[in-house]
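Reading through the structure tokens given below for one structure.
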Amino acid sequence: MTYDLIFFSTNKFKTKISHLCAVSDFLKFSNHSRFWRPYYDEFSILLPLLQCCVFRLSTFNRLYHSYVGQKRLSDLMRESMANDPLAPVLPESHLKAMDRRVAHILQTVRSCERTNGPQLIFHDDLMDMP
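With the UniProt record's numbering, the residue at position 84 of the sequence shown is 84, and numbering never jumps.
Printed below as a string of structure tokens:
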């Protein structure tokens, strides 16, 4: 759901991805139709998150660090696609849209946290990993 907003995907898709996979690797497995309309954000994609207010801690950590860390999601994407023969694969407007959408997701999580408290919204899936 959160990745659907970042990539503006209103249709569901299936991918097999290792839990060790980086965010930029995830994007390479998604199909090209995800990146369109960089100036429009479809917030209805976040309704399940707002209704349930449950979020995997590992997903939150990855999104949070890709927003406030040394490298934003757009930087990671730019680097991962730099050597592609078709570079630049995505225009700057699409990369900026991804960062903006990550901010919207984090705001939604923050709203849930204020309402329910962190102990109720975060599922600590990090303890489940070997």
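Where is the CB? At the ideal position from N, CA and C, for every residue including glycine.
Compare the beta carbon distance of valine 102 and arginine 72 with 9 Å and say whether it is the shorter of the two. Their beta carbons are under 9 Å apart, which means valine 102 touches arginine 72 by this criterion.
Between the segment 41 to 51 and the segment 61 to 77, are three or more C-beta pairs nearer than 8 Å? They do not touch, by the three-pair rule.
Under the three-state reduction of DSSP, which class applies to arginine 56: helix, strand or coil? DSSP places arginine 56 in strand when its eight states are reduced to three.
Cross-strand partners of phenylalanine 122 (DSSP beta bridge): Answer by DSSP bridge pairing, in chain order: Phe55.
Quick check on this structure: which residue in Tyr40, Leu50, Pro38 and Thr59 has the alpha carbon closest to the alpha carbon of arginine 114? Checked all of Tyr40, Leu50, Pro38 and Thr59; the closest Cα to arginine 114 is Leu50.
Restricting to Cα atoms, I'd like to know which of Leu120, Met127, Glu92 and Leu63 is closest to cysteine 52. Residue Leu120 is the option with its Cα nearest to cysteine 52.
Following the continuous alpha helix (DSSP H) through alanine 97, name the residue where it begins and the one where it ends. Where alanine 97 is concerned, the enclosing alpha helix (DSSP H) stretches over 92 to 116.
Is DSSP giving valine 89 helix, strand or coil here? It is coil, neither helix nor strand.
Grouping DSSP H, G and I as helix and E and B as strand, with all else coil, what is asparagine 61? In the structure shown, the three-state DSSP call for asparagine 61 is helix.
In whole angstroms, give me the CA-to-CA distance for threonine 59 and proline 118. Near 14 Å, if we compare the C-alpha coordinates of proline 118 and threonine 59.
Quick one: what's got a C-beta closer than 7 Å to residue 154's C-beta in the same chain, skipping five residues either side? Because the chain in this structure spans residues 1 to 130, residue 154 falls outside the shown range and cannot be described.
Buried or exposed for alanine 97, going by 16 or more other Cβ atoms inside 10 Å? Burial call: buried.
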